[in-house]
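First residue of the sequence shown: 1, per the UniProt record's numbering; consecutive thereafter. Beta carbons are placed, not taken as given, at the ideal position from N, Cα and C, and that holds for glycine.
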Amino acid sequence: MAVESFSQDTVSNLVPRQSSRRSHTLFVALQKEIVLGILAPDRTLTELDLAQRFGCSQGTVREALMQLNEEGLVKRQPNRGTRVAPCPADDARALLNLRREVECAHLDRVVARTDARLVADMRALLDGMRNAARDGDEYALSVRDRAFHTRLFEAADLPLVTPILTRCLIHAHRFKILNSQPNRALSETAERHLPIVEALEARDRARLHDLLAHHIATIVDFGPDLTGGPTEGET
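Here it is, written out as structure tokens:
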């Protein structure tokens, strides 16, 4: 019988778990490789190969691949196996527009529910991004970045919408990473979240809207505004 040979870490604990501990840890490991492009788009993945590589059972692999399929990072087809999903620009553009609508349309609810605990959580996640940037850990930075935006939106108390945002976030980050140049601006990526925290702490809804809209529309060190035009408050 295969023996599980990988373990959880702090990053794994930040990713919401929807399966057993062992398959979740494998899910996070594979998610990392897909987001960073180590497992390239359209690459074939087999349960047997992954089980041998990670020293786990094929059942554990199957469960992890099912979760990746639900997240849109792989495509599982009957009798045709599993492939890493593509990451086209048209999808990224549509998801960025959807993300901006989700994050920016409910800020009245967010501001109304802002308290010291929310601000403290946001500052802690910002510090985590800074630490990841300092360590040159792009995946850890991405996980904490996604957790930052998810935590902010959770204050709106719209739990049926949150999964839509989390899907937008993972694919936006993957698209950015796959299309960025080497020596990406990790510190700048972390620090651009500071004004968002400050606007939230001030309960300044208008500034928070403008900052988030600009933040979403522009991708650090990739460049273009993929949403197709200026955001509110921009010229």
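- In this structure, His173 places its C-beta atom within 8 Å of the C-beta atom of Asp145.
- As DSSP reads the structure, Lys75 sits in a beta bridge with Arg83.
- Taking a C-beta distance under 8 Å as the contact criterion, Val84 and Arg43 qualify as a contact pair.
- Contact annotation: the stretch 65-79 does not touch the stretch 197-214, with fewer than three C-beta pairs closer than 8 Å.
- Looking at the DSSP output, Thr44 shares a beta bridge with Arg83.
- For Ser57, no alpha helix (DSSP H) run applies, since DSSP gives it neither H nor E.
- Ile216 places its beta carbon less than 8 Å from that of Arg99.
- Taken in chain order, the whole alpha helix (DSSP H) runs of length 4 or more contained in the stretch 110-146 are 116-134.
- For Pro88, the three-state secondary structure derived from DSSP is coil.
- In this structure, Arg184 lies near Glu138, with their beta-carbon atoms less than 8 Å apart.
- In terms of Cα proximity to Thr218, the closest of His193, Gln31, Leu200 is His193.
- With contacts defined by Cβ atoms closer than 8 Å, Leu165 and Glu103 form a contacting pair.
- DSSP places Arg203 in the coil class of the three-state scheme, outside both helix and strand.
- Leu200 and Asp108 have their C-alpha atoms spaced approximately 11 Å apart.
- Taking Leu152 as reference, the option from Gln58, Leu36, Lys176, Ala112 with the minimal CA-CA separation is Ala112.
- A Cβ-Cβ distance of about 16 Å is found for the pair Val110 and Ala147, leaving them out of contact under the 8 Å criterion.
- Ranked by Cα distance from Asn79, the options Asn97, Thr46, Ala64, Glu63 are led by Thr46.
- In the structure shown, Leu208 adopts helical secondary structure according to DSSP, grouped into three states.
- Cβ-Cβ separation between Ala190 and Leu126: approximately 7 Å, consistent with a contact (criterion under 8 Å).
- Ile177 is a Cβ neighbour of Val35, given a cutoff of 8 Å.
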